[in-house]
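Counting in my numbering, the sequence shown runs from 3 upward without gaps. See structure below.
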Amino acid sequence: MHETWLEALAGGGAARRLRLRVVQVAYGDEETPEQRVQRVAGLVAQQRDADLVVLPELWAHGGFASDRWTQRAEPLDGPFVGIMREAARAAGATVHAGSFIERGAGGMWNTSVVVGPAGAVLGTYRKIHRFGEGERSLLEAGTQIVTVPLRLAGRQVATAGLATCYDLRFPELFRRLVDRSCEVLLIPAAWPAARVQHWQVLGQARAIENQCVVVQVNTAGTHSGVAMGGRSQVVGPTGDVLARAMDDGDEVLSVELDLDAVSRQRADFRVLDDRRLGRGQYA
Numbered sequence: 003m004h005e006t007w008l009e010a011l012a013g014g015g016a017a018r019r020l021r022l023r024v025v026q027v028a029y030g031d032e033e034t035p036e037q038r039v040q041r042v043a044g045l046v047a048q049q050r051d052a053d054l055v056v057l058p059e060l061w062a063h064g065g066f067a068s069d070r071w072t073q074r075a076e077p078l079d080g081p082f083v084g085i086m087r088e089a090a091r092a093a094g095a096t097v098h099a100g101s102f103i104e105r106g107a108g109g110m111w112n113t114s115v116v117v118g119p120a121g122a123v124l125g126t127y128r129k130i131h132r133f134g135e136g137e138r139s140l141l142e143a144g145t146q147i148v149t150v151p152l153r154l155a156g157r158q159v160a161t162a163g164l165a166t167c168y169d170l171r172f173p174e175l176f177r178r179l180v181d182r183s184c185e186v187l188l189i190p191a192a193w194p195a196a197r198v199q200h201w202q203v204l205g206q207a208r209a210i211e212n213q214c215v216v217v218q219v220n221t222a223g224t225h226s227g228v229a230m231g232g233r234s235q236v237v238g239p240t241g242d243v244l245a246r247a248m249d250d251g252d253e254v255l256s257v258e259l260d261l262d263a264v265s266r267q268r269a270d271f272r273v274l275d276d277r278r279l280g281r282g283q284y285a
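See below:
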């Protein structure tokens, strides 16, 4: 017999409220990756009143700059991660640094990195679902489902699940994350303007069906000839949009997340306990 979703929730006691900053990054081809990393790291360091800061996918190395990924790829202990660790320490916040092109012994990956307020790497996620010819031909597919703890004053208050951009179209990944007690889903992206409506609707769908908070952080501007969608958003467990970026440039969304809203929604409407497929009932 599986434990109920309420029994699986971490925390309890004091209200669980998390100060979130969603950093939408706009850029074009005139800005070098080095300039962009320094600019955004400075912006992250300014978020000293935040508990969690989240950045987009491939904002440093270029989401559609696949012709330059091999040149720009870095190891996990390279400059990109090092600078983001310093920025997290300066902010005193947990920082989801978005993703970068990682080079390792087995190839290259689109890798997300989460750093704690003391600068330690809390988790890395290699994108499972590769998008387009660039990713499929140059990058390896990730194989691991990854969660990270979210802490306040040293106490774990929630579990966050990691996914990246195109992953949003594959609901089975998010159900697996919820099976690991995730209440918050962090989704950095480089989602183009041509399909930005899908970005908005799919984020709400993942929140509704999993009764969780969905944090979607996109890039903006135009690079490599592709107009980016922006419209970063935070969606609550009932599907309500708590905040959405409306500009096509840099924008920082400030949201105080009520994590107890997840447990209240799961208690009031126990859809997750009514699942029939994927929990051992059927071969």
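Even for Gly, the Cβ is constructed at its ideal location relative to N, Cα and C. A quick note: this is a predicted structure, and the numbers were derived from the prediction, not measured.
Under the DSSP assignment, I210 falls in the alpha helix (DSSP H) whose first and last residues are 198-212. In this structure L141 does not touch S101 by the C-beta definition: roughly 11 Å separates them, more than the 8 Å allowed. For T149, the closest alpha carbon among the candidates A95, S234, C184 is that of C184. Taking the Cα positions, T224 is about 17 Å away from Q37.
In the displayed model, R132 falls within coil according to three-state DSSP, outside both helix and strand. By the neighbour-count definition (other C-beta atoms within 10 Å, threshold 16), F271 is an exposed residue.
Remark: fewer than three beta-carbon pairs, one from each stretch, lie closer than 8 Å, so the region 226-240 and the region 149-167 are not flagged as touching.
DSSP, reduced to helix, strand and coil, places T34 outside both helices and strands of the structure shown, so it counts as coil. Residue nearest to D31 within the set R41, F66, N220, Q49 is F66 (criterion: CA-CA distance). Look at Q235 here: in three-state DSSP terms it is strand. In the structure shown, the three-state DSSP call for M86 is helix. Within the same chain, Cβ atoms closer than 6 Å to the Cβ of I85 are found at V39, A43, the five residues on either side in sequence being excluded. Counting the other Cβ atoms within 10 Å of the Cβ of S234 gives 16 or more, which makes it buried. One thing to note: A95 has its Cβ no nearer than 7 Å to the Cβ of A47. In this model, N212 and L179 are separated by some 9 Å (Cα to Cα). Residue range 253-260 is occupied by the beta strand (DSSP E) that includes D260. The residue among W71, M248, V56 with its C-alpha nearest the C-alpha of H63 is W71. Residue burial annotation: R197 is exposed, with fewer than 16 other C-beta atoms found within 10 angstroms of its C-beta.
The beta carbon of A192 sits closer than 8 Å to the beta carbons of P58, E59, L60, W61, G65, F66, C167, N220, T221, M230 from its chain, once the five residues preceding and following it are set aside; these are given in chain order. The criterion of a C-beta distance shorter than 7 Å is satisfied by P77 and R105.
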